[in-house]
Amino acid sequence: MKTLYIVRHAKSSWDYPDLPDHDRPLLEKGKKRTKKIIDFLLENKVRVDYIISSSAERALETAKFLARAMNYPIEDIKVDPQVYHADVAKLEDQFYDLSDQFQSLMIVGHNPTFTNFANEFLENKIDWLPTSGIVCIEFDTNYWEKIFDVKSKTRFIIYPKMLKKS
Numbered sequence: 049m050k051t052l053y054i055v056r057h058a059k060s061s062w063d064y065p066d067l068p069d070h071d072r073p074l075l076e077k078g079k080k081r082t083k084k085i086i087d088f089l090l091e092n093k094v095r096v097d098y099i100i101s102s103s104a105e106r107a108l109e110t111a112k113f114l115a116r117a118m119n120y121p122i123e124d125i126k127v128d129p130q131v132y133h134a135d136v137a138k139l140e141d142q143f144y145d146l147s148d149q150f151q152s153l154m155i156v157g158h159n160p161t162f163t164n165f166a167n168e169f170l171e172n173k174i175d176w177l178p179t180s181g182i183v184c185i186e187f188d189t190n191y192w193e194k195i196f197d198v199k200s201k202t203r204f205i206i207y208p209k210m211l212k213k214s
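Residue numbers (our numbering): 49 to 214.
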């Protein structure tokens with residue numbers, strides 16, 4: 049069984065018009081919303097064996113925030129510039145040389161690709177994965193490269209507005 053967590057980065061800042069899109073930081077509001085998600089993950093005893101993040105500042109900040117909370121070593125996050133502008137096919141490429149020793153993977157990146165990628169596996173499609181949103185899918189296989197060919201089950205789709213105020 050393989051478990052995939054598809055995570056859209058937290059809400060980011062548009063306050064610096066001269067800053068390249070790749071370098072936009074998170075807003076405090078984004079961090080607070082992600083904290084709600086973290087509380088949900090910890091409450092449900094979620095752990096991950098491997099994290100892949102887009103190289104964009106907002107995605108990497110989100111990945112580090114999640115990693116710290118789940119006691120995942122920050123230095124072990126794979127930062128992949130290809131995830132930043134990836135389409136679904138490029139995201140799928142991430143799984144072909146992924147070690148099968150990892151049972152769970154978290155990938156942190158951007159819309160619209162992450163919504164489209166999640167919908168590849170979801171029976172009930174989503175319109176849009178909001179910032180800090182997570183889709184968790186389980187696959188009936190022991191091999192990452194087979195996730196596109198086997199039965200999958202949605203464990204949860206969660207985003208900050210679904211969670212009670214803290």
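From the three backbone atoms N, C-alpha and C, an ideal C-beta is built for every residue, glycine too. All figures in this text were calculated on a predicted structure; none of them were measured in a lab.
Leu-89 is classed as buried because its beta carbon has at least 16 other beta carbons within 10 Å across all chains shown. Per DSSP, the unbroken alpha helix (DSSP H) holding Asp-87 starts and ends at 76 to 91. Annotation: Asp-69 to Trp-176 spans about 20 Å, alpha carbon to alpha carbon.
Lys-194 sits in a helix when the DSSP states are folded into three classes. In this structure, Gly-181 lies near Tyr-207, with their beta-carbon atoms less than 8 Å apart. Distance from the CA atom of Ile-85 to the CA atom of Asp-128, rounded to whole angstroms, is 23 Å. A check of alpha carbon separations from Tyr-191 across Pro-178, Ala-166, Phe-204, Gln-149 identifies Gln-149 as the nearest. Below 8 Å, too few C-beta pairs join the segment 159 to 169 and the segment 97 to 112 to call them touching: fewer than three.
The C-beta of Leu-74 has 16 or more other C-beta atoms within 10 Å across all chains shown, which makes the residue buried. A distance below 6 Å between beta-carbons, with the five flanking residues on each side excluded, links Arg-203 to the following residues of its chain, in chain order: Cys-184, Glu-186. Asp-141 sits in a helix when the DSSP states are folded into three classes. Runs of the alpha helix (DSSP H) spanning 4 or more residues and lying entirely within the segment 101 to 146 occur at 105 to 117, 129 to 132, 136 to 141, in chain order. Phe-196 sits exposed, since fewer than 16 C-beta atoms from the chains shown fall within 10 Å of its C-beta. Judged by their CB atoms, Val-55 and Ile-205 are not nearer to each other than the 8 Å cut-off. Asn-164 places its beta carbon less than 8 Å from that of Val-136.
At a Cβ-Cβ threshold of 8 Å, Leu-146 and Tyr-53 do not count as neighbours. Counting other Cβ atoms within 10 Å of its Cβ, Ile-125 reaches 16 or more and is therefore classed as buried.
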